[in-house]
Structure formats: structure tokens, C-alpha cells
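Step one of this worksheet: look at the structure below.
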Amino acid sequence: MASCGNKKQTSASVASKASDILKDKRTSAKSKSVAGSALSQTKPKKK
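Per this note's numbering, the sequence shown starts with residue 483, numbered consecutively.
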């Protein structure tokens, strides 16, 4: 039986920090990759 995948999601505070990392031109490509991964696991905002 296949698993349904990872149900964990990034918290709002971590998502905010990840966003700051992506905006900062001084951060490395690896840091931006990790930050992007964290942001991709956030809940979508409700409209």
C-alpha cells in the first residue's frame, strides 16, 4: 500500500524567515534552495 506523502507543513514564522532569505541578495544558492523548499510546504492563503 502506498503512503499518502508528507502531511507536515511549514509554520508561518518559518515561512516568513524563508521569504526574507529569498529576498536577500547576500544568501547562497543552497540557502535559497532550502528556503524555497520550506515555502513550498506552506498552506496556501485563503482568499
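Even glycine gets a Cβ: it sits at the ideal position worked out from N, Cα and C.
Query, Result
"Distance between glycine 518 and alanine 494 (C-alpha atoms, nearest Å)", "14 Å"
"Candidates Ala520, Lys489 and Gln491, of which the one nearest aspartate 502 by Cα", "Ala520"
"Cβ neighbours of threonine 509 in the same chain (closer than 7 Å, five flanking residues each side left out)", "Ile503"
"Proximity to lysine 499 [Cα-Cα], best of Pro526, Lys514 and Lys525", "Lys514"
"Same chain, Cβ closer than 6 Å to methionine 483, five either side skipped, listed in chain order", "The predicted model places methionine 483 with a pLDDT of 49, which falls under 50 and marks its position as unreliable; any figure quoted below should be read in that light. Taken in chain order, the list of residues that qualify is empty."
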